[in-house]
Amino acid sequence: MAHIDNLIDSIKDPQLRTALRAEYDKVTKSRRLGLVFDRHLPESVVLPGFAIREGEKVQVIADGSDDPADIDGSGVWTVTDVAATHARLRDGNGETRQVGRGRLVATREFGDPIYPGLVSTGRVLRGGGADGDDGGKPFHTVINAENYHALEALLFAHEGQVDAIYIDPPYNTGARDWKYNNDYVDDADPYRHSKWLSFIERRLLLAKRLLNPADSVLIVTIDEKEYLRLGLLLEQTFPEARIQMVSSIINPKGATRSKAFARTDEYVYFVLFGDAAPQPAALTSDWKVVRDPRAETLRWAELLRAGTNARRVDRPNLFYPVFVSEDGSRLVSAG
Numbered sequence: 050m051a052h053i054d055n056l057i058d059s060i061k062d063p064q065l066r067t068a069l070r071a072e073y074d075k076v077t078k079s080r081r082l083g084l085v086f087d088r089h090l091p092e093s094v095v096l097p098g099f100a101i102r103e104g105e106k107v108q109v110i111a112d113g114s115d116d117p118a119d120i121d122g123s124g125v126w127t128v129t130d131v132a133a134t135h136a137r138l139r140d141g142n143g144e145t146r147q148v149g150r151g152r153l154v155a156t157r158e159f160g161d162p163i164y165p166g167l168v169s170t171g172r173v174l175r176g177g178g179a180d181g182d183d184g185g186k187p188f189h190t191v192i193n194a195e196n197y198h199a200l201e202a203l204l205f206a207h208e209g210q211v212d213a214i215y216i217d218p219p220y221n222t223g224a225r226d227w228k229y230n231n232d233y234v235d236d237a238d239p240y241r242h243s244k245w246l247s248f249i250e251r252r253l254l255l256a257k258r259l260l261n262p263a264d265s266v267l268i269v270t271i272d273e274k275e276y277l278r279l280g281l282l283l284e285q286t287f288p289e290a291r292i293q294m295v296s297s298i299i300n301p302k303g304a305t306r307s308k309a310f311a312r313t314d315e316y317v318y319f320v321l322f323g324d325a326a327p328q329p330a331a332l333t334s335d336w337k338v339v340r341d342p343r344a345e346t347l348r349w350a351e352l353l354r355a356g357t358n359a360r361r362v363d364r365p366n367l368f369y370p371v372f373v374s375e376d377g378s379r380l381v382s383a384g
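No gaps in the numbering here: position 8 of the sequence shown is 57 in our numbering, and each next residue is one more.
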């Protein structure tokens, strides 16, 4: 730092020296230790049920598609004029276009006001009561919504009161398993990690407001693609919490991958607030491992290679048949 300070001070042009000093100070003051990433804004969401009006922000549905989530990628436009069958649009650069009204879907960008509401679409009563009476037993609610706005809606009645939140976010595998601004984020996107972090951080901040600071837990599952970045993000977002990561075996046999070790587990982060802590629990008979009957006798037929390239026509020079008895208990012949 001292060296670059000396270099700036050595600039003879006072105007240039002052300008460089000001910009350098901005950079050094904004630098932070820990996880640093581009916080992508805006994050937008489509609202298919909204009417298309003058002044409305919209996106254009892709040609040949009826799915309002299938956007053509041209960005967010503002409606300047609406006719019976079409609308005129203008983007942030002043470009205009005319599009059929049926291809437009209302859009809200991050920071735009949205007043989410919940509409009951049905219920299943299992508490012994009737319609309008839950029978006095706890019930579950499934909310089908964009998760950010669903969390915001829950804040109105439940801020600081939630005991546990379990989230299973997109793993950002690069296999087009999630969208940012209605566009798939794949392995070719150079900003896939920062987009993922921006996406997760906003939702974690809402979860933080929902959780009871005196006694609650946040549980997050993740795999190896983002577990390091997620751990740093959790530490930054919840400095007051105790955080522990545990391994969860999902495939004891291991998932075979090209030029990589087989993976048997995923990871679970536990973010503990206040008095929250794991407690010992007596395991019932449901947890008992049932003895595998296949260990009693060797079933030769199950040693057959399956899957791709397992037939004689696939590998004529590598195929070697082994014949077993009809009951699979013994070898009959080979070759």
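Glycine residues also receive a C-beta, built at the ideal position from the N, C-alpha and C atoms.
- Task: Just the C-alpha distance for residue 284 and residue 106, rounded to the nearest angstrom, thanks.
- Result: Answer to the nearest angstrom: the Cα atoms are 36 Å apart.
- Message: Check whether the region 254-269 and the region 202-214 touch, using three or more Cβ-Cβ pairs below 8 Å as the test.
- Response: yes
- Query: For the beta strand (DSSP E) that contains residue 145, what are its first and last residues?
  - Reply: 145-149
- In this structure, does DSSP put residue 127 in helix, strand or coil? It is a strand residue.
- Message: Let me make sure I understand the geometry here. Which of 165, 164, 125 has the alpha-carbon closest to that of residue 146?
- Response: 125
- Message: Taking the alpha helix (DSSP H) that residue 134 belongs to, which residues open and close that run?
- Response: Where residue 134 is concerned, there is no enclosing alpha helix (DSSP H), given that its DSSP letter is neither H nor E.
- Round the Cβ separation of residue 266 and residue 321 to the nearest angstrom and send it over; I've been treating them as touching at under 8 Å. 5 Å
- Message: I need the boundaries of the alpha helix (DSSP H) containing residue 280, first residue and last residue.
- Response: 276-286
- Task: Could you tell me the boundaries of the alpha helix (DSSP H) in which residue 250 lies?
- Result: 241-259
- Mapping DSSP to helix, strand and coil, what is residue 334? helix
- Item | Three-state secondary structure (DSSP) of residue 58 | helix
- Task: Check residue 311 in the structure and name its three-state DSSP category.
- Result: strand
- Task: List the endpoints of the continuous beta strand (DSSP E) containing residue 202.
- Result: Not the beta strand (DSSP E): residue 202 falls in the alpha helix (DSSP H), residues 196-207.
- Message: Looking at residue 148: is its Cβ nearer than 8 Å to the Cβ of residue 138?
- Response: A distance below 8 Å separates the beta carbons of residue 148 and residue 138.
- In chain order, what residues of the same chain lie with their CB nearer than 7 Å to the CB of residue 84, ignoring the 5 residues before and after it? 278, 281, 282, 285
- Compute the Euclidean distance between the alpha carbons of residue 367 and residue 360, then round it to the nearest angstrom. 10 Å
- Message: Using the Cβ count rule (16 or more neighbours within 10 Å means buried), how would you classify residue 72?
- Response: Exposed, because fewer than 16 other Cβ atoms sit within 10 Å of the Cβ of residue 72.
- Query: For the candidate residues 121, 152, 247, 290, whose alpha-carbon lies nearest to that of residue 264?
  - Reply: 290
- Query: Which of the three DSSP states, helix, strand or coil, is assigned to residue 293?
  - Reply: strand
- Message: Once the 5 residues before and after residue 127 are set aside, which same chain residues still bring their CB inside 8 Å of it?
- Response: Taking C-beta separations shorter than 8 Å and ignoring five residues to either side along the sequence, the partners of residue 127 in its chain run 104, 105, 106, 107, 138, 139, 140, following chain order.
- Task: Output the distance between the C-alpha atoms of residue 299 and residue 271, rounded to the nearest integer angstrom.
- Result: 12 Å
- Message: I need the straight-line Cα distance from residue 293 to residue 248, nearest angstrom please.
- Response: 22 Å
- Task: Using the Cα positions of residue 109 and residue 136, report the straight-line distance between them to the nearest angstrom.
- Result: 11 Å
- Query: At what residues does the beta strand (DSSP E) containing residue 157 begin and finish?
  - Reply: 153-157
- Ordered along the chain, which non-local residues of its own chain (more than five positions away) have a Cβ less than 8 Å from that of residue 305? 311
- Limits of the beta strand (DSSP E) - the one that residue 305 falls within: Here the beta strand (DSSP E) through residue 305 covers 304-306.
- Terminal residues of the beta strand (DSSP E) in which residue 192 lies: Looking at the DSSP string, residue 192 is not in any beta strand (DSSP E), and its letter there is neither H nor E.
- Task: In angstroms with no decimal places, state the Cα-to-Cα distance between residue 375 and residue 308.
- Result: 39 Å
- According to the neighbour-count rule (16 or more other Cβ atoms, all chains shown, within 10 Å of its Cβ), is residue 244 buried or exposed? buried
- Task: Figure out for me which residue from 194, 210, 288 has the closest Cα to the Cα of residue 165.
- Result: When only C-alpha atoms are compared, the closest one is 194.
- Would you kindly report the start and end of the unbroken beta strand (DSSP E) that includes residue 270? First-last of the beta strand (DSSP E) with residue 270: 264-271.
- Query: Comparing alpha-carbon positions, which option in 198, 378, 197, 174 lies nearest residue 188?
  - Reply: 174
- Got a sec? Which residues, its chain only, sit under 8 Å from residue 209 by beta carbon, not counting five neighbours each side? 258, 259, 260, 261, 262
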